[in-house]
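Chemist: Residue numbers (this note's numbering), protein chains in the order written: chain A, 510 to 630; chain F, 510 to 630. Quick reminder that beta carbons are idealized off the backbone N, C-alpha and C, glycines included.
2 protein chains.
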Amino acid sequence: MGEEKYKLFDAEHKFMDIVWNHEPINSTELCKICNEKLGWKKSTTYTMIRKLSDRGVLENKDATVRALVKREEVQQYEIEALLEKAFDNSIPAFVAAFLDAQTLTEEEIREIKKMIEEASK
Amino acid sequence: MGEEKYKLFDAEHKFMDIVWNHEPINSTELCKICNEKLGWKKSTTYTMIRKLSDRGVLENKDATVRALVKREEVQQYEIEALLEKAFDNSIPAFVAAFLDAQTLTEEEIREIKKMIEEASK
DNA sequence: GAGACAAGTCTATTACGATAGACCCCATTT
DNA sequence: AAATGGGGTCTATCGTAATAGACTTGTCTC
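(1) Is the CB of M624 (chain A) under 7 Å away from at least one CB in chain F?
(2) Taking Cβ-Cβ distances shorter than 9 Å, what residues in chain A pair up with S629 (chain F)?
(3) Give me the subset of the stretch 586-599 of chain F whose CB atoms are less than 7 Å from a CB atom of chain A, sorted by chain position.
(4) Does the CB of I527 (chain A) have a neighbour CB from chain F at under 7 Å?
(5) Suppose contacts are defined by Cβ-Cβ distances below 7 Å. Is R575 (chain A) in contact with E532 (chain A) by that definition?
(6) Under the three-state reduction of DSSP, which class applies to K570 (chain F): helix, strand or coil?
(7) N569 (chain F) and I558 (chain F) - do their beta-carbons sit closer together than 7 Å?
(8) For V604 (chain A), which option in F:R564, F:N535 and F:Q584 has the closest C-alpha, if you only look at C-alpha atoms?
(9) Indicate whether the contact test is met: 3 or more Cβ pairs, each with one atom in the stretch 605-613 of chain A and one in the stretch 611-629 of chain F, closer than 8 Å.
(10) For chain F, is any of its Cβ atoms less than 7 Å away from the one on V578 (chain A)?
(11) Would you please state the rounded distance, in angstroms, between the beta carbons of L547 (chain A) and E521 (chain A)? I believe it to be under 8 Å.
(12) Could you give the DSSP three-state label for R619 (chain A): helix, strand or coil?
(13) Could you list which residues in chain F have their beta carbon closer than 9 Å to that of P601 (chain A), in chain order?
(14) Per DSSP, which one or two residues make a beta bridge with A576 (chain A)?
(15) Verify whether the separation of the beta carbon atoms of V578 (chain A) and K514 (chain A) is less than 7 Å.
(16) Would you mind working out which of F:I542, F:C540, F:E582 and F:T553 sits nearest V566 (chain F), comparing C-alpha positions?
(17) Can you say whether A595 (chain A) is buried or exposed, counting buried as having 16 or more other CB atoms within 10 angstroms of its CB?
(18) Starting from the beta carbon of A605 (chain A), find every residue of chain F whose beta carbon is closer than 7 Å, and list them in chain order.
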């Protein structure tokens with residue numbers, strides 16, 4: 510954990526969202542989508558592909574781009590990073606902020622409880 | 510919600526942690542602490558005070574600095590921002606990532622359940 | 001064999017958050 | 001009256017993430 514692979518900057522994150530939603534995807538096609546959704550020029554997309562490829566976040570083989578890290582892994586890293594940065598690693602404070610920030614429905618509450626049960630078995 | 514007041518950059522956040530932990534605090538004293546804990550020069554601290562003051566994050570009156578936004582408000586904003594940025598606002602995905610990222614003890618699980626009960630009444 | 005287009009690199013430039021140096025005013029001390 | 005220290009501003013500079021322009025190579029087609 511704490512790997513450089515998982516720490517994504519904002520632009521990198523937006524880009525990876527597209528990759529995760531379309532992989533495996535042809536690089537030229539990816540340029541097209543990034544231009545539509547992010548307004549990026551071709552070279553910007555290729556620069557991003559190269560940087561993330563160097564860091565092992567994705568691979569570009571025979572013009573086909575694939576993620577090497579899972580969305581879920583990055584999400585877990587982001588939770589941990591936030592927990593440390595803004596909550597001094599206090600789990601109760603984190604949960605409290607979550608509960609206050611969200612207006613949860615009965616249904617959501619039921620689901621969350623169930624997930625906790627599952628996780629703690 | 511979504512206010513500019515709540516979005517803090519990294520350096521701003523570290524700085525506000527110090528303010529929250531010491532307020533109300535004399536500005537010269539604050540410079541001293543920022544130098545010790547962050548290695549900042551005096552002008553860096555005052556620049557930070559001015560910027561955050563302009564945005565309504567804190568106030569500096571008669572050389573006494575006080576936060577105008579609560580730590581809890583910022584924490585809630587951060588949760589929401591992360592939820593949107595990395596989880597496409599999916600609460601189940603967020604909870605799942607949290608449960609996977611943390612190895613919770615029996616005690617913590619009990620506490621979390623209790624907090625959910627409280628919040629949903 | 002001249003265009004056209006896919007696939008990509010290499011080297012800037014831009015934007016902006018982070019940080020600080022030089023300077024100012026005023027009160028107190030020596 | 002000069003030195004010291006508190007309280008502060010104003011205007012850079014620095015670092016680096018974000019973005020792109022110009023160029024290259026190869027293949028296919030007309």
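Modeler: According to the structure shown:
(1) Numbered from 1 along the first sequence, position 115 holds the residue referred to as residue 624 (chain A). With 7 Å as the cut-off, M624 (chain A) counts as an interface residue toward chain F.
(2) Sequence index remark: in the second sequence, residue 629 (chain F) carries index 120 (1-based). Within chain A, the residues near S629 (chain F) are L608, L613, E615 and I618.
(3) E587, I588, E589, L591, K594, A595 and F596
(4) Within the first sequence, residue 527 (chain A) is the residue found at index 18, counting from 1. With 7 Å as the cut-off, I527 (chain A) does not count as an interface residue toward chain F.
(5) As a position in the first sequence, residue 575 (chain A) is number 66, starting the count at 1. As a position in the first sequence, residue 532 (chain A) is number 23, starting the count at 1. Contact: yes.
(6) Residue 570 (chain F) sits at position 61 when you count from the first residue of the second sequence. K570 (chain F): strand per DSSP, three-state reduction.
(7) Numbered from 1 along the second sequence, position 49 holds the residue referred to as residue 558 (chain F). Numbered from 1 along the second sequence, position 60 holds the residue referred to as residue 569 (chain F). Contact flag set, yes.
(8) On the first sequence, position 95 is the one that residue 604 (chain A) refers to. V604 (chain A) has its Cα closest to that of F:Q584, out of F:R564, F:N535 and F:Q584.
(9) The stretch 605-613 of chain A, when compared against the stretch 611-629 of chain F, does touch it at the 8 Å Cβ threshold.
(10) Here residue 578 (chain A) refers to the residue found at position 69 of the first sequence. Answer no: the Cβ-Cβ gap between V578 (chain A) and chain F never drops below 7 Å.
(11) Working through the first sequence from its first residue, we reach residue 547 (chain A) at position 38. Working through the first sequence from its first residue, we reach residue 521 (chain A) at position 12. That belief does not hold up - the Cβ atoms of L547 (chain A) and E521 (chain A) are roughly 11 Å apart, past 8 Å.
(12) By one-based count along the first sequence, residue 619 (chain A) stands at place 110. Reduced to three states, the DSSP call for R619 (chain A) is helix.
(13) For the purposes of this step, residue 601 (chain A) is identified with residue 92 of the first sequence, where counting begins at 1. The contacting residues are E617, E620, I621 and M624.
(14) For the purposes of this step, residue 576 (chain A) is taken as the residue at position 67 of the first sequence. Note: A576 (chain A) sits in a beta bridge opposite A:L567.
(15) As a first step, residue 578 (chain A) must be located in the first sequence, where it is residue number 69. As a first step, residue 514 (chain A) must be located in the first sequence, where it is residue number 5. Yes, Cβ-Cβ distance for V578 (chain A) and K514 (chain A) is below 7 Å.
(16) Counting from one through the second sequence, the residue named residue 566 (chain F) turns up at place 57. Of the candidates F:I542, F:C540, F:E582 and F:T553, the one whose C-alpha sits nearest the C-alpha of V566 (chain F) is F:E582.
(17) Looking up residue 595 (chain A) in the first sequence gives position 86. Buried, by the Cβ-count rule.
(18) Your numbering for residue 605 (chain A) matches position 96 in the first sequence. Those are M624, listed as they occur along chain F.
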